[in-house]
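A.B. asks: For the sequence shown, this note's numbering assigns the number 23 to the initial residue and increments by one for each residue that follows.
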Amino acid sequence: MKPAAGTLAFLARCVVVGLALAFVVGLFWPGLGNRLRHRLGLPGAPAAATQARTTPMSYANAVGAAAPSVVNIYADKIVNERAIKMYDNPILQQLLGGTLTTYARREQTLGSGVIVSSKGYVLTNFHVISQATDIQVLLYDGRVAKATVIGSDEETDLAVLKINAGNLPVIQLAEQKPRPGDVVLAIGNPLGLNQTVTMGIVSAVGRQLNTSSAEDFIQTDAAINLGNSGGALVNAEGRLVGINTLLIGKAANAEGIGFAIPVNTAKKVLDQIVTTGHVVRGWLGADYTFVPVAANSGLPAAARGALVTDVYPGSPAALAGIQPRDILLRIGDTNIRDPADLRRREAAIKPGTKVHLSGLRNGTPFHVEATLAERPPASAEAGGMEP
């Protein structure tokens with residue numbers, strides 16, 4: 023019995039010493055285990071454990087990389103308001119009452135912007151600088167610069183400003199599209215508090231807020247407040263993934279629902295505005311909705327395409343013979359997934375381009391050709407287009 027007891031005690035001491043050595047090695051040389059496994063041809067540590075170790079404990083580096091490129095914008099506007107002017111003389115006031123008059127008052131809008139070029143171009147929201155008479159930009163280093171509007175695009179709620187300043191920190195653009203679940207940081211000037219960072223995740227991508235618009239948005243639960251508009255939405259590496267633009271607040275019984283314009287959309291708008299002063303989009307001249315699926319429709323359960331609900335007089339669609347209730351299935355060589363997909367595809371086509379459209383009319387296939395026009399402003403489109 024004694025030899026057996028001695029052997030067990032010896033093994034127990036070896037185990038204790040081995041665990042102690044493993045603890046010390048793991049504490050001071052955390053990567054040694056993986057290096058030894060690799061050298062001996064053994065499998066590495068589980069992916070979950072590796073991922074847990076590579077998850078950052080702080081996003082300070084991302085903020086440090088992006089924050090200098092985010093600016094505060096102060097836009098002065100002259101707002102005309104109607105009021106009733108009362109007479110100073112009590113008798114005239116009693117006899118004539120008041121008269122309707124208009125007076126102008128100065129109003130300042132708070133917002134944010136992102137420096138996207140060493141030439142001084144700044145991206146922000148259209149609604150931040152709309153009708154502004156004077157725009158001042160406060161840089162990260164404390165400098166103040168006067169900004170001029172190069173151009174704007176109301177449909178995407180984007181505007182391009184230019185400031186005359188040197189040594190500007192330019193933000194880096196993300197190369198990969200964000201995915202639902204990715205960590206994102208919103209940087210801006212909420213409520214005039216200057217540089218403020220909030221964190222969240224990408225809740226969804228491809229959100230369409232207006233059925234008549236060709237654009238889509240990133241949805242995030244990162245806090246976006248008044249003054250954040252036009253600021254940066256960056257990934258965990260500090261690279262720009264979107265321009266913050268909209269928050270659905272508690273007034274709509276919502277919480278944690280904000281939207282940002284994807285950086286690839288913002289880049290296209292920036293390039294067009296810098297080159298031509300405005301954004302050019304292709305336009306077919308019709309309104310669409312989702313294809314209804316009924317038991318007797320003869321369509322598959324996951325029917326794709328876009329159902330034409332209205333055709334504008336004199337538009338390319340009208341000239342091509344497209345009619346309400348037509349179902350459009352293909353544009354060129356590409357299948358149409360849904361109305362939003364068709365909007366984006368026609369907007370990306372250069373005006374004057376002839377495209378081939380395929381679809382169904384009362385269940386019968388049809389094919390037409392249409393020459394796309396330049397998309398009119400939203401107000402003109404809403405009011406119809408005369409031949």
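Idealized CB from N, CA, C, for every residue including glycine. Computed from a predicted structure; not experimentally measured.
Which residue wins for smallest C-alpha separation from A181, given the options G327, V192, P387, I157?
C.D. replies: Nearest option by C-alpha distance: I157.
A.B. asks: Using the three-state DSSP reduction, which class does G214 fall into: helix, strand or coil?
C.D. replies: If DSSP states are grouped into helix, strand and coil, G214 belongs with the helices.
A.B. asks: Return the chain-ordered list of same chain residues with a C-beta closer than 6 angstroms to the C-beta of A87, the five sequence neighbours on each side being excluded.
C.D. replies: Around A87: G260.
A.B. asks: Suppose the cutoff is 8 angstroms on Cβ atoms and the five residues either side in sequence are ignored; what does the same chain contact list for R326 look like?
C.D. replies: The answer, listed in chain order, is V313, L351, N357, I358, R359, D360.
A.B. asks: Using the beta-carbon count (16 or more within 10 Å), is A324 buried or exposed?
C.D. replies: With a pLDDT of 49 at A324, under the threshold of 50, the modelled position of that residue is not reliable, and the figure given next carries that caveat. A324 should be labelled exposed.
A.B. asks: Please return the same chain residues whose Cβ sits closer than 6 angstroms to the Cβ of A245, not counting the five positions on each side in sequence.
C.D. replies: T220.
A.B. asks: Relative to the C-alpha of H149, which residue among N250, L190, Y143, K141 is closest?
C.D. replies: Residue N250 is the option with its Cα nearest to H149.
A.B. asks: Considering only residues of the same chain and omitting the five flanking positions on each side of S140, which have a CB-CB separation below 7 angstroms?
C.D. replies: Only L190, V192 meet the Cβ criterion.
A.B. asks: With H, G and I counted as helix, E and B as strand and the rest as coil, what does DSSP make of K168?
C.D. replies: In the structure shown, K168 sits in a strand (DSSP, three-state: E or B).
A.B. asks: Give me the Cα-Cα distance between L303 and P335, rounded to the nearest whole angstrom.
C.D. replies: What sits at residue 303 in the sequence shown is Arg, not Leu. Approximately 19 angstroms, taken between the alpha carbons.
A.B. asks: Find the nearest neighbour of A395 within the set D348, A342, L382, N211, judged by alpha-carbon distance.
C.D. replies: The option with the nearest alpha carbon to A395 is A342.
A.B. asks: For the candidate residues N83, I137, S380, G210, whose alpha-carbon lies nearest to that of I344?
C.D. replies: Among N83, I137, S380, G210, the Cα nearest to that of I344 belongs to S380.
A.B. asks: Considering only C-alpha positions, which residue in the set E129, G307, K199, H300 is nearest to E331?
C.D. replies: Inspection of the sequence shows that residue 331 is occupied by Thr rather than by Glu. If we check each option's Cα against that of T331, G307 comes out closest.
A.B. asks: Between the alpha carbons of E277 and R201, how many angstroms are there, rounded?
C.D. replies: So the alpha carbons of these two residues sit roughly 21 angstroms apart.
A.B. asks: Should V166 be labelled buried (16 or more other beta-carbon atoms within 10 Å of its own) or exposed?
C.D. replies: When all chains shown are included, V166 counts as exposed.
A.B. asks: I need the straight-line Cα distance from R128 to G135, nearest angstrom please.
C.D. replies: One C-alpha to the other measures close to 22 angstroms.
A.B. asks: Quick check on G280: buried or exposed, where buried means 16 or more other Cβ atoms within 10 Å of its Cβ?
C.D. replies: G280 should be labelled buried.
A.B. asks: Return the chain-ordered list of same chain residues with a C-beta closer than 8 angstroms to the C-beta of G164, the five sequence neighbours on each side being excluded.
C.D. replies: Closer than 8 angstroms at Cβ, skipping near neighbours: no residue.
A.B. asks: Per DSSP, I95 forms a beta bridge with which residues?
C.D. replies: Its beta-bridge partners are G133, V159.
A.B. asks: Output the residue ranges of the beta strand (DSSP E) runs that lie fully inside the segment 250 to 308 and measure 3 residues or longer, sorted by chain position.
C.D. replies: Fully enclosed beta strand (DSSP E) runs of 3 or longer: 254 to 257, 262 to 270, 279 to 284.
A.B. asks: What residue range does the beta strand (DSSP E) around P387 cover?
C.D. replies: First-last of the beta strand (DSSP E) with P387: 386 to 393.
A.B. asks: Hey, how far is the Cα of P212 from the Cα of L262?
C.D. replies: Roughly 18 angstroms between the two C-alpha positions.
A.B. asks: Quick check: the Cα distance between R366 and L195, rounded to an integer number of angstroms?
C.D. replies: Those two C-alpha atoms are separated by around 22 angstroms.
A.B. asks: Decide if A226 is buried, meaning its Cβ has at least 16 other Cβ atoms within 10 Å, or exposed.
C.D. replies: By the neighbour-count rule (16 or more Cβ atoms within 10 Å), A226 is not buried but exposed.
A.B. asks: Going by C-alpha to C-alpha distance, which of N257, G214, L382 sits closest to N247?
C.D. replies: Nearest of N257, G214, L382 to N247, Cα basis: G214.
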